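2 protein chains.
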Amino acid sequence: MVNQLADLDRVFQALADPGRRLMIDRLSQGSASVSELGKPLAMSLAAVLQHVQVLEASGLVRSAKIGRTRTCSINPAALRSAESWISERRSLWERRLDRLGDYLADAADSPPRGLPGNHGQIPEEKQ
Amino acid sequence: MVNQLADLDRVFQALADPGRRLMIDRLSQGSASVSELGKPLAMSLAAVLQHVQVLEASGLVRSAKIGRTRTCSINPAALRSAESWISERRSLWERRLDRLGDYLADAADSPPRGLPGNHGQIPEEKQ
DNA sequence: TCGATACTGAACTGATCACTTGACTATTGG
DNA sequence: CCAATAGTCAAGTGATCAGTTCAGTATCGA
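Taken in order, these protein sequences are the chains called A and B. Position one of the first sequence corresponds to residue 84 (this note's numbering), numbered consecutively onward. Position one of the second sequence corresponds to residue 84 (this note's numbering), numbered consecutively onward.
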């Protein structure tokens, strides 16, 4: 809870790799060892470990070593923080769209005054 | 909807940068021009444009040029796809934790047989 | 005990990233 | 018309990333 901003950096960065997402996918249905996580991945074990370390640094995954095997599991709190960040922005935008829709539905008779804070039409075409 | 996998790569990669998240943040409360998005960012306009292009390539943002200004807006569908990916894995894990909790609550009297598919204890300590 | 297993650390390499600068185009407004 | 504004393109640079190989260490199991 120290640096929420840089934490999100690491979380999204961690999620940006398909191999690491596959690991999360695997872990979402139960804890697993490092080599188990690497099994579907066509890369050296050392590389797998580096991915696990990225996931762990982001807080998405926790791990503990028992004997010679390291067992990894998901930390749902980190997933939730990323999820919330997205969700908040999306719902903000969608609520705004709703209000705009209401406004336009009403606007057929009222005189044009300009909607404060609304610079935007929704663009359709490119270039 | 062509390549969901590589799309998520780009979406999470785009969200991994604090400047780009600030842009999304700004856009969540209404469309904005490229220079408007760059105003809080202490970098050249050319750099801002590159960020916008990353956001656009990921599908998170759409834009259209009118006159000499390019107006950007959020595409909520892309946000939702990232949100869903996370949400699905997290709830899978959490439902699994619940079942495990139920099992442990019942287990005081029944003989130990092993829970199929459950390799994991929840690790606490490191190294 | 001893070979196989499971990981770990370090160094190195090619690719991608986040910028920069500088030159250029298109629009706008007085 | 013409200066200021808004964006665009291209090339280059230093930093980070994703992987490798190789040389360990610790543990397990027969």
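A virtual CB, placed ideally from N, CA and C, is assigned to each residue, including glycine. Treat the numbers as computed from the prediction; the structure is a model and nothing was measured.
Straight-line gap, residue i to residue j (C-alpha atoms, nearest Å)
i, j, result
"Arg153 (chain B)", "Glu166 (chain A)", "29 angstroms"
"Gln112 (chain B)", "Leu175 (chain B)", "32 angstroms"
"Ala97 (chain B)", "Gly150 (chain A)", "39 angstroms"
"Ser146 (chain B)", "Ala147 (chain A)", "46 angstroms"
"Gln136 (chain B)", "Arg93 (chain A)", "21 angstroms"
"Glu139 (chain B)", "Ala160 (chain B)", "13 angstroms"
"Leu91 (chain B)", "Arg173 (chain A)", "16 angstroms"
"Leu132 (chain B)", "Met106 (chain A)", "33 angstroms"
"Gly102 (chain A)", "Leu124 (chain A)", "7 angstroms"
"Arg179 (chain B)", "Leu128 (chain B)", "48 angstroms"
"Phe95 (chain A)", "Ile157 (chain A)", "15 angstroms"
"Ile126 (chain A)", "Ser141 (chain A)", "In the sequence under discussion, the amino acid at residue 126 (chain A) is Met, which differs from the Ile named in the question. Their Cα atoms are separated by approximately 21 angstroms."
Spatially closest choice to residue i from the options, by CA coordinates
i, options, result
"Asp108 (chain A)", "A:Ile149, A:Ala140, A:Cys155 and A:Arg151", "A:Cys155"
"Val144 (chain B)", "B:Glu177, B:Pro101, B:Ala115 and B:Asp92", "B:Ala115"
"Ala99 (chain A)", "B:Met106, B:Gln87 and B:Leu105", "B:Gln87"
"Arg104 (chain B)", "A:Ser170, A:Arg178, A:Arg179 and A:Glu177", "A:Ser170"
"Glu177 (chain A)", "B:Ala125, B:Leu132 and B:Arg163", "B:Arg163"
One or two residues paired with residue i in a DSSP bridge
i, result
"Ala115 (chain A)", "A:Cys155"
Exposure label - residue i; buried when at least 16 CB within 10 Å
i, result
"Ser118 (chain A)", "exposed"
"Leu110 (chain B)", "buried"
"Leu120 (chain B)", "buried"
**Item:** Ordered list of beta strand (DSSP E) runs contained in the segment 128-182 of chain A, each at least 3 residues
**Value:** 144-149 and 152-157
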